[in-house]
Each structure stands twice: as C-alpha cells, then as structure tokens.
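Novice: Protein sequences, first through last, are from chains Z and F. Just so we're aligned, residue 1 is where the first sequence starts under our numbering, counting upward by one. Just so we're aligned, residue 1 is where the second sequence starts under our numbering, counting upward by one.
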Amino acid sequence: MAFIWNFPLFTIVLSLFSGALCMVLRPKAARYYTIIYQCFLIILVSFVLWFTVTSDSQFTYSMGEFPAPWGNEIRGGVLESLVALAMLLVLLASCVAGWHFLKIDIDESKINLYFSVINLITAALMSLVWTNDIFTGYVFLEILTLSACGITIVREVGRTTLAAVKYMILNLMGSGLFLLGVVLLYDFTGQLLMVPMKSAVAAVLTDSESMPALTLSVAIMTIGLGIKSGLFPFHFWMPDSYGWSTPASAAILSSLVSKAYIFLLIKIYYRAVGIDVITQTPILKMLFVLGICGIIFGSVSATSPDTLPRMIGFSSAAQIGYIYMGIGIGTHLGFVAALFQLLTHMVTKALVFLAAPYLEEASDNNIKFIFLQGAARRDRTAGLYFTFGALSMVGIPCLGGFAMKLMYGQAAISDPSSAKMFIIMITLAASSFLNTLYFIRTVIRLYSDPEEKASSERQKLYKAQAENAKRAEGRRGFVIAGAFLMALNLFLGLFPWIFEALINQGLAMFS
Amino acid sequence: MTSFEKWFYGETDVLNHAMDEAREPDSPDHARKERVKARLAEIRETEQYRERVENSRKEFRGLYLAVTAVGAIALIGVLLYVTACLPEYGAENPHTLEVITRYIEKGLEETGAVNIVSGIILDYRAFDTLGESHVLFTALICSMLLLRLDRKNMRSDHEDYYTVRTDKFFDLSADQIFRRVGAFLVPSIFIFGIYVVLNGQVSPGGGFSGGAILGAGLILFSASFGFEKVDRIFTRKVSSIITLCSLGFYSFAKGYVFFTGANGIENHIPKGTPGNILSGGMILPLDIAVGLVVGCTMFGFYSLFRRGSIGGNGAATGKSSK
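1) Whose C-beta lies closer than 7 Å to the C-beta of Z/Ala501 among residues of the same chain, with five residues either side of it excluded?
2) Is it buried or exposed for F/Arg236, if we count other Cβ within 10 angstroms and need 16 for buried?
3) Helix, strand or coil for Z/Asp133 per DSSP?
4) Please say whether Z/Ala375 and Z/Leu437 have beta carbons closer to each other than 9 Å?
5) Can you round the beta-carbon distance between Z/Gly321 and Z/Gly334 to whole angstroms, since I take them to be within the 8 Å contact cut?
6) To be precise: take each residue of the stretch 293-308 of chain F, compare its Cβ to all Cβ atoms of chain Z, and keep it if any distance is under 8 Å. Which residues remain?
7) Whole-angstrom Cβ separation of Z/Met421 and Z/Ala412, contact assumed at under 8 Å?
8) Using a Cβ-Cβ cut-off of 8 Å (strictly less than) and excluding sequence neighbours within five positions of Z/Tyr33, which residues of its own chain qualify?
9) Quick one: what does DSSP say F/Asn153 is sitting in, helix, strand or coil?
10) Counting only the same chain and skipping the five closest in sequence on each side, list residues whose C-beta sits under 7 Å from that of F/Asn115.
11) So the candidates are Z/Ala356, Z/Leu88, Z/Thr60, Z/Phe51; which of them puts its Cα closest to the Cα of Z/Ile36?
12) For the stretch 31-49 of chain F, enumerate the residues whose C-beta is nearer than 8 Å to any C-beta of chain Z, in chain order.
13) If contact means a Cβ-Cβ distance below 7 Å, which residues of the stretch 51-62 of chain F contact chain Z?
14) Measuring straight from C-alpha to C-alpha, what distance separates F/Pro25 and Z/Ile480?
15) Three or more C-beta pairs under 8 Å: does that hold for the stretch 279-298 of chain Z against the stretch 310-321 of chain Z?
16) Compare the C-beta of F/Gly311 with all C-beta atoms of chain Z and state if any pair is closer than 9 Å.
17) Using beta carbons (cut-off 9 Å, strictly below), is F/Ile116 in contact with chain Z?
18) Given this structure, state the Cα-to-Cα distance separating F/Thr101 from Z/Leu192, to the nearest angstrom.
19) Kindly indicate if chain Z contains any beta-carbon less than 9 Å away from that of F/Glu105.
20) Going by DSSP, name the residue or residues bridged to Z/Leu193.
21) On a CA-only basis, which of F/Asp123, F/Ile191, F/Ala72 is nearest F/Tyr256? Give me that one, please.
22) For F/Asp20, name the three-state secondary structure that DSSP assigns.
23) Cutting at 8 Å between CB atoms, please list the residues of its own chain near Z/Leu9, excluding the five before and the five after it.
24) Are any of the Cβ atoms in chain F nearer than 9 Å to that of Z/Trp5?
25) When you compare only the Cα positions, how much space is there between F/Asp287 and Z/Asp415?
26) Give the residues of chain F in contact with Z/Pro282, contact being defined as C-beta atoms less than 9 Å apart.
27) So that I know if they touch, is there some Cβ in chain Z lying closer than 9 Å to that of F/Leu66?
28) Measuring CB to CB, does Z/Ala213 end up less than 9 Å from F/Tyr89?
29) Which residues, taken in chain order from the stretch 135-147 of chain F, show a beta carbon closer than 7 Å to some beta carbon of chain Z?
30) With Z/Leu91 and Z/Thr122 assumed to form a contact (beta carbons below 8 Å), what rounded beta-carbon distance in angstroms separates them?
31) I want to see whether chain Z comes within less than 9 Å of F/Pro87, judged by CB atoms only; does it?
32) Under the three-state reduction of DSSP, which class applies to Z/Arg75: helix, strand or coil?
33) Using 10 angstroms around the beta-carbon of F/Ala69, count the other beta-carbons present and answer buried if the total reaches 16, otherwise exposed.
34) Would you identify the three-state DSSP class for Z/Phe59, choosing helix, strand or coil?
35) So, is Z/Trp99 buried or exposed, given that buried needs 16 or more other C-beta atoms within 10 angstroms?
36) List, in order along the chain, the chain Z residues whose C-beta lies closer than 8 Å to that of F/Ile241?
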C-alpha cells in the first residue's frame, strides 16, 4: 500500500486534534496555526489527487485492524480528492479574506474558539468526503451541523441568534430524517458500510415487496439531506443565516457546508444503494422537480429583496436547485453537470459573499441597495470581485457559470426522447434571464453615479470610510484570496474539460 | 405581503423589533435610524396596529397548526408503512446477520472486552466513536462562543443584568439542607462515576455514561457549596487542559491503531485477561479519556448557562473591561 493512502486519515485525525488545540491557544496564534495547518492539508490532499489521477487508482482504508463489513472504513478516488481539495482551497480563502470582519464581529477573547470550530468543520468536511460508511456520515454530519450553528451565532447580535436558531431547527430535522433513513436501511440490510450495503440491497430487491419500503427509506434520507442543504421548499432559512453571519462564516456555510451534504448524498446513491436501483425509483424525479422549483422560486425571490445579503442568499437557493436538477436528470451526464456545478458554485459563492461586506462597509455598513449606489466606485477591488462573481453566475462565456450551463444543456440534449429536455432548456433560459435581471441590476447600481442619491455629507463619510478600509488590517488577505478565487473560477470556465474528465474518471471508480 | 410570507422569508421580528441591524452605529445615518425607530415605536402603541398584529398572529397560528398536523400525520403514515414492510424477526436475509454474528461470537476474543457494546464502539467501530466524542466537544465550544461573558454580550441597559448573568441572583449554596445532603451525596456520586468509567470493558458503563455521572457530581457540588469552592481546583485553564489532553490522547491513540491496522503492522497493544480491569486493550484508557471529556463538558454546560464562564477567571471579563 502506498504511503499516500494514509493522508486522508491524517486530514481527519489532525483536524480533530487541531480543534481541541486551538481552544487553548492565544487568538492570534490560533489564527496563524489554522492557516498554516490548512496549507499543509492542501499539500497532502494535492498529493492524493495527483496520485489517484496519474495511477488511475482508488483505495479503501480500514480504520483499525478489522476489515469491512465489521470495522469502519474510508475510501478515496479521483472524485473525493478533487472535492476535498476544492473544499480546502475555498476554506483557506474564506479564513484569510474574512479576517477583517472577524475582528470586528467577534469579541477578541473568542477568536481562538472560532478557529477551533473552523478546524472541527475541516474534520467534518474531510470525513464526509472520504467516508465509506453511512453511519460515519451521520456522526460527522452532526459535528458539521453544530459547528455551522457555532460560526453563525458568533456575531452575538439578535439577528444572528435568531438566524442560528432557525438554521438549527431545520438542520436538526434534516439530521433526524437522515438518521431514520439510515436505521431503516440498516434494518433491511444489516450493514452500515457502503459496499456491503449495496450488495445487501441487491439481495433484498429480489423480493419485490421490499421495493416500496426501500424507496421510502432512501427518500427519507434524501429529504433529510435536502433540508440540510437548502433544497426547495426548505430554502427559506438561507438568506437569514447567510446574510447575518460574519462574511467568513457566510462563505463557509454557503459554499462548503451545504455541498458536503450533497456530495454525501451522491456517494450514497452510487456506492450504498446503487445508481441503477435509484433510477428505478421516483426519487430522482422528485429531486428534478424540487430542483427546478428551487431554481425558479429562488431566482424570483432574489429579484425582490431590498438588501444585498438577502439577494445573495436567495440566489444561493437557486444555485443549489441547479445541483439537484442535475442529480434529478439521472443520466451520467446529469451527474457530471451536477458535480461540476458543485465545484463552480463553491468557488463563485465564496467570492461574492466575501466581496459584498466590503461594499457594505464602503457605504457605512448599510446593506440596502439604495445606499449601496456607487459602492463599487468607492471600493474598486471589492466591486471587481463582486461583479466577476455575478457575471459568472449569469453565465458569461469563459467563466465557470457558463461552462456549467453548457454542461446542463449537453446533458439535456443527450436524451432527446425524454420530456426532461424541454423542461431543462426552458428552466435554463428562464433562470439565466432572472439571474441577469437581479445580478446585473445590482452591478449597475454598484457602479452608477452616487451623487444623485446621496447627500454630499454622506458622500464624504463614505469616501473616508473607504479610505480607512483600504488601510485596515486583513485587507491584503482579502485582495489575495479574492484574486485566487477569481483565478479558480476562470480556470473552471476556460478548461471545463479537465474537470469533466476528472469527474468522469471519479464516477467510473464509484460504481 | 401577508404575515405568513413575511415569516416565510424571515422578515418578521420575533424579538419585537429589539434587534440591531448595523455593525457599529456612529454616523449621520444613525440619527436617521433613531428617528425611524422612535416613529415605529409610536405607531406600535396605537390600537389599530395591535389589532392587526393580533389578527395576523391568529391567522398564522391556524395555518401553522394545520400544516404541522398534515406533515406529522404523513410522516407517521410513511414510517408505519415502512415498518410493516421490514423483514420479520428471524426471517432476515442472510446478509443481515453477517456483521452482528461476528460481533457476538468473536467479540470477546478479538477485543478482549466482556462488555460487547464497549468492544463494538471502542474497537470495531472506533472511528464513529472518535467522531461522537468530538460532537460533545463541538457543542461545548459553540456554547462557549454564545454564552461566555464578553464585552459584546454583557452590554445591556438592565441594571441587574450583570448580577443575573454572573450567578449572584439564584445562589442556592446558603441553603442548609442542600449543603448537608450534598456533602453526603457528592463523594458517593464521584466514586460511582469513577467505578462506571473504569469498568466499561467488563460491565455495562464506560466513558460516556461514567463521564455524565462525574459531571453530575461536579454540578451538585457546585450547586450546594457555591462556585467558589469548585473554582479553587477546577479553573478554566484546568478544564481546557484536561479536555485537550484527553481528546488529543484519544485522537492520537486511535490514529495509531487505524494507521497500524490499515498498513498491516502489529500494534503491540496487550489485550489483557478478559474480565479483569486491565483488559480490552485500548478500551480502558480510551474510556478514561472519554469520561474526563464528558465530565468536563457536562459541568461546562451547567457553568456556562448559570454564570457565563467555566472556572472562575472568565467571569471577570465582562464587568472589568467594560
């Protein structure tokens, strides 16, 4: 066994230990430690990705001396390494870029606790990606839920507390449903590890009476993970918890936490139940419909709010809808498109969430559009990053969003006999129109001349604040991390075939 | 927009408009916001407004109840149906019994633990338990983020706020009956807790349950004798160090076992004689680590909710730095 196969274990165990360690470190030390540690993890996971891709190999790693199906197991292949690497990169960028606001939003004595939670989130994300055991998935899902509440609540103002309570109630409901699904599946199969479970499911299905019950237990699990990742109609907590938490938390919640749940779902479909079994059930049709509803309702809702964070929050709901629509198509190309969207949205949403607060800060911390007029002129870097993210989500060629929409189009056309083709095409057109409507409207407002709307006194204040912001600590981190995310997005948009090939290679290893 | 839609999109102020919007109010806009707030407060006083709020509240409550009832009944129906379809007891698929058969038949031999449950959670499926013990730790950190007193959450206009938050208000330690009973109960609870932790591998019990008992003992001790007595030995620093050492030991010990197991290396951990205290390989030290973490965490929750700090030195932050 190659030594590299030990790296996923290190990413999990060391992250758990770092969580405990940051609790006793001083605030500044905890921050530097976390950032250096994340760079270290990125190197480890890059090695795993490089090795899996070049040798076209996958591995299962038994956690202890007992092999499957008796002991726990983790597993890695191209897809896991790719998603894990993307998650770590975005996590690092969020921690670096959100530092300026972290210092404002969090009491100094609690900054080390915040980084402790960040390390626990890293451990949970890594475990959810690498796991080969459905119950391990549940355990780390709990850690992820709790720590996500923790990073929401940390601002300690009324609104974030309320948002975190909402987030917690819905997420606990989702966890509960997921656990019920796991228990029912365990009752049928007697297995918790994914591969033995898949063969047990195949054996159970020879008895035709079990099919409806099996379908329902997988459906309960799907709904549980759907609630947690903000699938329509459970998307209404998103704008609150994203809009009111500190920017680093908002970026982590929207681009990483929700994606981890979706990735776990895809992994369960492929490896624990079997994709051929899933396609026989109505679950994918349900996801298809809910995904499309999410896209349309999310986009329509995003046109109405008068504040920037709420608009971005609703647009997140629409983007999550895209992923579920891709899963719902049910074909190989559909899953490829969904996974590509997972990566694109991860990179793009983090950029938008990290840039938006700087625009608000350049407008005296006002979040309403009316005060944000001309904000991009006052803070040009943040304006550029926000516009870049917005254009990507609208689907301008060369950017990640365009490649994503193209993939969805290809997935639709590949199966022209199905009615889904028309529905997907119409949804793509409608959603691109709505995306353009609310994002471009915002961008125009950000760049238009502020003189018309604001008094000269306020103008002076805004300018002074923008000048201060440019000199503030943490600004350089934001500039670098934003540029990095922008480059990643451009890379996704210019060379989508690289990722397509990687996803194909990974999916082939899944089944 | 109806009131339901407002709730749906999270625009209703459940906290009765008592919430803060901007980060730091220090600008001309602040004065404007204050004026708007005052005007809103005036409107809120009128009879008409109250009536409207009351009506929408009723409307919402009705709808909410209906939707909840339908959802709950549907879920109950689905679950009953699935349960009815489950394989009958004894007539399961042969696959179903594969895992538990080995746990029951070979558990003692392979893990060295008479208590099969301990063997399963700390040996066969130790990775899950490693995660599970960190769930508690995560909950503790999140409670600390929210409840530990700091400059932000101590800012209140209420006069008695500091007294209430720092546990000068509901102090029970002056109660004679409480003290006497506590003096009698606390040592026995501690001894029982230690017994449960140490005997996890030979009898029902283990780190989680024993730790909860230890935590309960600490809670009773602090409730009957006051926090000052606990603070003499159990400060924030002590609690953090115990938690760090236990979790660190747990992570690295299990990391070592995972590493050796996956790479096919002998791990040189003696299994001991089944039935003795020193048996079950790593189970005993792991149980002790889990017990310490759980005990600290339970007491931490109690202490955070009652006075906003674990250990004495944290409580000062709020008032003195104001």
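Using N, Cα and C, we set each Cβ at its ideal position, and we do this for glycine too.
Specialist: Let me spell this out:
1) Translated into the one-based positions of the first sequence, residue 501 of chain Z becomes position 501. No residues qualify anywhere along the chain.
2) Walking along the second sequence from the start, residue 236 of chain F turns up at place 236. That one is buried.
3) Working through the first sequence from its first residue, we reach residue 133 of chain Z at position 133. Strand.
4) In the first sequence, counting from the first residue as 1, residue 437 of chain Z sits at position 437. In the first sequence, counting from the first residue as 1, residue 375 of chain Z sits at position 375. Contact: no.
5) Residue numbering aside, residue 321 of chain Z sits at position 321 when the first sequence is read from its first letter. Residue numbering aside, residue 334 of chain Z sits at position 334 when the first sequence is read from its first letter. About 14 Å separates the beta carbons of Z/Gly321 and Z/Gly334, which is beyond the 8 Å limit, so they are not a contact pair.
6) Residues: none.
7) Translated into positions along the first sequence, residue 421 of chain Z becomes position 421. Translated into positions along the first sequence, residue 412 of chain Z becomes position 412. 5 Å between Cβ atoms; contact.
8) Taking the first residue of the first sequence as position 1, residue 33 of chain Z is located at position 33. Excluding residues within five positions, the ones whose Cβ falls inside 8 Å are Ser18, Leu21, Cys22, Leu25, Phe115.
9) Locating residue 153 of chain F in the second sequence gives position 153, where the first residue counts as 1. In the structure shown, F/Asn153 sits in coil (DSSP, three-state: anything other than H, G, I, E or B).
10) Taking the second sequence and counting its residues from 1, one reaches residue 115 of chain F at position 115. Cβ within range, chain order: Gly200, Gln201, Val202, Ser203, Pro204.
11) If you number the first sequence from 1, residue 36 of chain Z lands on position 36. Per the Cα distances, Z/Leu88.
12) The stretch 31-49 of chain F vs chain Z, Cβ under 8 Å: nothing.
13) Within the stretch 51-62 of chain F, no residue has its Cβ closer than 7 Å to any Cβ of chain Z.
14) Walking along the second sequence from the start, residue 25 of chain F turns up at place 25. Walking along the first sequence from the start, residue 480 of chain Z turns up at place 480. Any answer about F/Pro25 is weak, because its pLDDT of 44 lies below 50 and its placement is not dependable; what the coordinates show is given next. Cα to Cα, F/Pro25 sits roughly 30 Å from Z/Ile480.
15) By the criterion of at least three beta-carbon pairs nearer than 8 Å, the stretch 279-298 of chain Z is in contact with the stretch 310-321 of chain Z.
16) As a working mapping, residue 311 of chain F is identified with position 311 in the second sequence. No, F/Gly311 does not count as interfacial toward chain Z.
17) As a working note, residue 116 of chain F is residue 116 in the second sequence. Not closer than 9 Å to any Cβ of chain Z, the Cβ of F/Ile116 fails to qualify, so no.
18) The residue given as residue 101 of chain F occupies position 101 in the second sequence. The residue given as residue 192 of chain Z occupies position 192 in the first sequence. Straight-line Cα distance between these residues: approximately 15 Å.
19) As a working note, residue 105 of chain F is residue 105 in the second sequence. No, because no Cβ of chain Z sits closer than 9 Å to the Cβ of F/Glu105.
20) In the first sequence, the residue the question calls residue 193 of chain Z occupies position 193. Z/Asp133.
21) Here residue 256 of chain F corresponds to residue number 256 of the second sequence, with the count starting at 1. The shortest C-alpha to C-alpha distance from F/Tyr256 to any of F/Asp123, F/Ile191, F/Ala72 is the one to F/Asp123.
22) Along the second sequence, one-based indexing puts residue 20 of chain F at 20. Since pLDDT at F/Asp20 reaches only 44, below the 50 mark, its modelled position is unreliable, and the value read off the structure follows with that caveat. In this structure, DSSP gives F/Asp20 a state outside helix and strand, which the three-state scheme calls coil.
23) Counting from one through the first sequence, the residue named residue 9 of chain Z turns up at place 9. These residues qualify, in order along the chain: Tyr61, Met63, Ile74.
24) Counted from its first residue, the first sequence places residue 5 of chain Z at position 5. Yes, because at least one Cβ of chain F sits closer than 9 Å to the Cβ of Z/Trp5.
25) Your numbering for residue 287 of chain F matches position 287 in the second sequence. Your numbering for residue 415 of chain Z matches position 415 in the first sequence. If I take the Cα positions, the gap works out to 56 Å.
26) If you number the first sequence from 1, residue 282 of chain Z lands on position 282. Annotation: Z/Pro282 has no Cβ neighbours in chain F at a cutoff of 9 Å; minimum Cβ distance is about 14 Å.
27) Taking the first residue of the second sequence as position 1, residue 66 of chain F is located at position 66. In the sequence as presented, Leu is not what sits at residue 66 of chain F; that position holds Ala. No, F/Ala66 does not count as interfacial toward chain Z.
28) Working through the first sequence from its first residue, we reach residue 213 of chain Z at position 213. Working through the second sequence from its first residue, we reach residue 89 of chain F at position 89. Cβ atoms of Z/Ala213 and F/Tyr89: not closer than 9 Å.
29) So the close ones are Val135, Phe137, Thr138, Ala139, Ile141, Cys142, Met144, Leu145, Leu146.
30) In the first sequence, residue 91 of chain Z corresponds to position 91, counting from 1. In the first sequence, residue 122 of chain Z corresponds to position 122, counting from 1. Right, the Cβ-Cβ distance comes to about 6 Å (below 8 Å), so this counts as a contact.
31) Position 87 of the second sequence, counting from 1, holds the residue named residue 87 of chain F. It does; some Cβ of chain Z falls within 9 Å.
32) The sequence position of residue 75 of chain Z within the first sequence is 75, counting from 1. If DSSP states are grouped into helix, strand and coil, Z/Arg75 belongs with the strands.
33) In the second sequence, the residue the question calls residue 69 of chain F occupies position 69. So F/Ala69 counts as exposed.
34) The residue you call residue 59 of chain Z lines up with position 59 of the first sequence. Of the three classes helix, strand and coil, the one that applies to Z/Phe59 here is strand, per DSSP.
35) For this step, residue 99 of chain Z is matched to residue 99 along the first sequence. With 16 or more Cβ atoms within 10 Å of its Cβ, Z/Trp99 is classed as buried.
36) Indexing the second sequence from 1 puts residue 241 of chain F at position 241. For F/Ile241, the neighbours in chain Z by C-beta distance under 8 Å run, in chain order, Val24.
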